[in-house]
């Protein structure tokens, strides 16, 4: 299961989408309110190409530290912006900012109809000033790939854009296949 977090855009998402389209790999993009405000065309493309667009909250707060009304508003704001852009209902998949959660926040998301999606494979790809080389990134990810992996990559990473085709093709050669995250909840 291939997932991307997208809180802001610095020019790599279109390239990532091109690779996903070419290789026919489904993905999920967890977006913030700011991302929706600034990248409507990319969000429409994600939806049009069959990718899941999920909720990463309006402002990326620690959702374990907000009250119930703020929690609701953080999710609802993304839902409303997504509908305004695509005229579609946002799929009910939620990724807590920074993966921070507690029992109460998981319950709140569930009460709003959301499936919470974490990850089982990630690497330090979010710091644009400290990107690993393409070879280092592929080696790290290949060493950690496993059956049923939920892969988290950041769409802001230059390295990810550079390695994506090589990475996905290599994983297919290893015998892996890609499924949409909807399959996690069947």
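Numbering (my numbering), first residue to last: 484 to 669. Idealized CB from N, CA, C, for every residue including glycine. Source: prediction; values computed, not measured.
Residue burial annotation: residue 608 is buried, with at least 16 other C-beta atoms found within 10 angstroms of its C-beta. Here the stretch 538-553 makes contact with the stretch 505-520; the two share three or more CB pairs at distances below 8 Å.
The beta carbons of residue 534 and residue 497 sit no closer together than 7 Å. Rounded to the nearest angstrom, the Cβ distance from residue 484 to residue 640 is 18 Å, too far for a contact under 8 Å. Under the three-state reduction of DSSP output, residue 639 falls in the coil class, being neither helix nor strand.
Put simply, of 635, 611 and 622 the residue whose alpha carbon is nearest the alpha carbon of residue 492 is 611. Judged by DSSP in its simplified three-state form, residue 610 adopts coil rather than helix or strand. Cβ contact annotation for residue 574 (same chain, cutoff 7 Å, sequence separation greater than five): 535, 536 and 537, in chain order. A straight-line Cα-Cα distance of about 23 Å links residue 630 and residue 504.
Residue 658 counts as exposed, since fewer than 16 other C-beta atoms from the protein chains shown sit within 10 angstroms of its C-beta. Annotated as distal: residue 554 and residue 578, with beta-carbon spacing of 7 Å or more. For residue 597, same chain residues with a beta-carbon under 6 Å away, outside a window of 5 residues either side, are 575 and 577 in chain order.
Look at residue 508 here: in three-state DSSP terms it is coil, with no helix or strand label. Taking all protein chains shown into account, residue 666 has fewer than 16 neighbouring C-beta atoms within 10 Å of its C-beta and is therefore exposed.
Listed in chain order, the beta strand (DSSP E) elements of length 3 or more contained wholly in the stretch 528-587 are 535-538.
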